[in-house]
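Student:
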Amino acid sequence: MTPVTDPRTLTSSIDLPRHVGIIMDGNGRWASARSLPRFEGHRRGVDAVRRAVRAAGDLGIGYLSLYAFSSENWSRPPQEVDDLMGLLKRFIRIDLADLHKRNVRVRIIGSRIDLANDLNDLLNEAEVITQDNTGLTLVIAFNYGARQEIVDAVRKIALQVASGEIDPRVIDKHLIAQNLYTADIPDPDLIIRTSGEQRLSNFMMWQAAYAELVFLPLQWPEFDAAAFDEALRQYGQRERRFGGLANVPNK
Ligand code: FPP
C-alpha cells in the first residue's frame, strides 16, 4: 500500500490537518532499552525531528508544532538540561540554511527569560531569516508551558484594563487567544504523542480544546514517515463535531 505521506497520493484520500502538534516523548526509554546514555536518545530524537519536518513539508501541512523543552524540564539533572539546549542550538546552526531553502518559516514559542543570550540570539536569527517563507511553519515550543502562557496572557490583559485601554466587558475567548504566544497560529487539529503516555503535559492546553489526540506506542527516536501516516490515518477516521451534532448541516 502506498503510504499516505507520499504527497502524490495523499490529498485526495485524507482530510489533512492544518496544524499538527507533536509531544515528542520516550527518548530516555529508547536509550535505556539499548543500554545507551539518555543523551543518545535525545540525539536520535533530533533525527526524528528532521524526518517529521520533512514529511510535514512534503505533505503540505501548514503548521507543525514540536514540544522540545517544557518549563518543567528545568528540573532534570543540569547535564541533561545542557544537552537539550546544546542539541537545539546545533539543530538550528546545522539545519537553518536547509529549512530556509525548503521555504520553512520557523517560530519559537515559550518564555525567553531564562535562556542564555547565545541561545536567544540564535532563536531570534532563525525567526528573522525565515519570516517571509510561505511553506510549512515549524513552531518549536521551547521553555514552553501552557499554564505560564495563560498567566502571561492574563497579565497582559490585566495591564490593558488597569491602564484604561480596554473595558473588562470586552474580554472574551478571542481576546485571550490573541494574547497567547500562538496569537497568529491556528489551533492544532491533531496532537500526536509518542511513547504510549496519554496526556497533554502542559502542551497547548487552551489551543487543544478541539484537537484530535493520537497516542502512538513507539518512542520518539523511532518516529518516521510510517508513524506519521498512522497518526494521519487515525485522524482521518475521527468525526470532528466541535460540540455540534454529527452530519447535520448548519442552518
Ligand atoms: C522526551 O523524552 C523528550 C524531550 C524532553 C526532549 C525532546 C527534544 C528533542 C527531540 C531534541 C531537541 C529538539 C529539537 C526541536 C531540535 P524523555 O527524555 O522525557 O523520555 P523518557 O520519558 O523516556 O525519559
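In this note's numbering, the protein residues as written are -9 to 241.
Ideal Cβ placement from N, Cα and C applies to all residues, glycine included.
So, is HIS164 buried or exposed, given that buried needs 16 or more other C-beta atoms within 10 angstroms?
Tutor: HIS164 should be labelled exposed.
Student: Can you check the stretch 27 to 113 for any beta strand (DSSP E) of at least 3 residues that lies completely inside it and give the ranges in chain order?
Tutor: Within the stretch 27 to 113, the complete beta strand (DSSP E) runs of at least 3 residues are 53 to 60, 95 to 99.
Student: Would you kindly work out how many angstroms separate the C-alpha atoms of GLU30 and ALA236, rounded to a whole number?
Tutor: Between GLU30 and ALA236, the C-alpha separation is close to 46 Å.
Student: Which runs of the beta strand (DSSP E) fall wholly inside the stretch 115 to 195 and span at least 3 residues, in chain order?
Tutor: For the stretch 115 to 195, whole beta strand (DSSP E) runs of length 3 or above, ordered along the chain, are 127 to 134, 180 to 183.
Student: Check whether the Cβ of LEU126 lies closer than 7 Å to any heavy atom of the ligand FPP, and answer yes or no.
Tutor: For the ligand FPP, not one heavy atom lies less than 7 Å from the Cβ of LEU126.
Student: Flag this pair as yes or no: are the beta carbons of VAL94 and ASN123 separated by less than 8 Å?
Tutor: Yes, Cβ-Cβ distance for VAL94 and ASN123 is below 8 Å.
Student: Give the DSSP bridge partners of GLU202, in chain order.
Tutor: Per DSSP, LEU180.
Student: Please name the residue in ILE161, ALA198, GLY233, ASN169 whose C-alpha comes closest to that of ASP177.
Tutor: Of ILE161, ALA198, GLY233, ASN169, the residue nearest in Cα terms is ALA198.
Student: What do you get for TYR200, buried or exposed, if any count of 16 or more other CB atoms within 10 angstroms of its CB means buried?
Tutor: TYR200 is exposed by the Cβ-count criterion.
Student: By alpha-carbon positions, which one of ALA21, LEU206, ASN110, PRO211 ends up nearest to GLN224?
Tutor: Nearest option by C-alpha distance: LEU206.
Student: Between GLU202 and ASP179, which are expected to be in contact by the criterion C-beta below 8 Å, what is the C-beta distance as a whole number of angstroms?
Tutor: Rounded, the Cβ-Cβ distance is 7 Å, consistent with contact.
Student: Measure the C-alpha to C-alpha separation of LYS241 and ARG230 and round it to an integer number of angstroms.
Tutor: The predicted model places LYS241 with a pLDDT of 37, which falls under 50 and marks its position as unreliable, so this point remains unresolved.
Student: Can you say whether ASN17 is buried or exposed, counting buried as having 16 or more other CB atoms within 10 angstroms of its CB?
Tutor: Label assigned to ASN17: buried.
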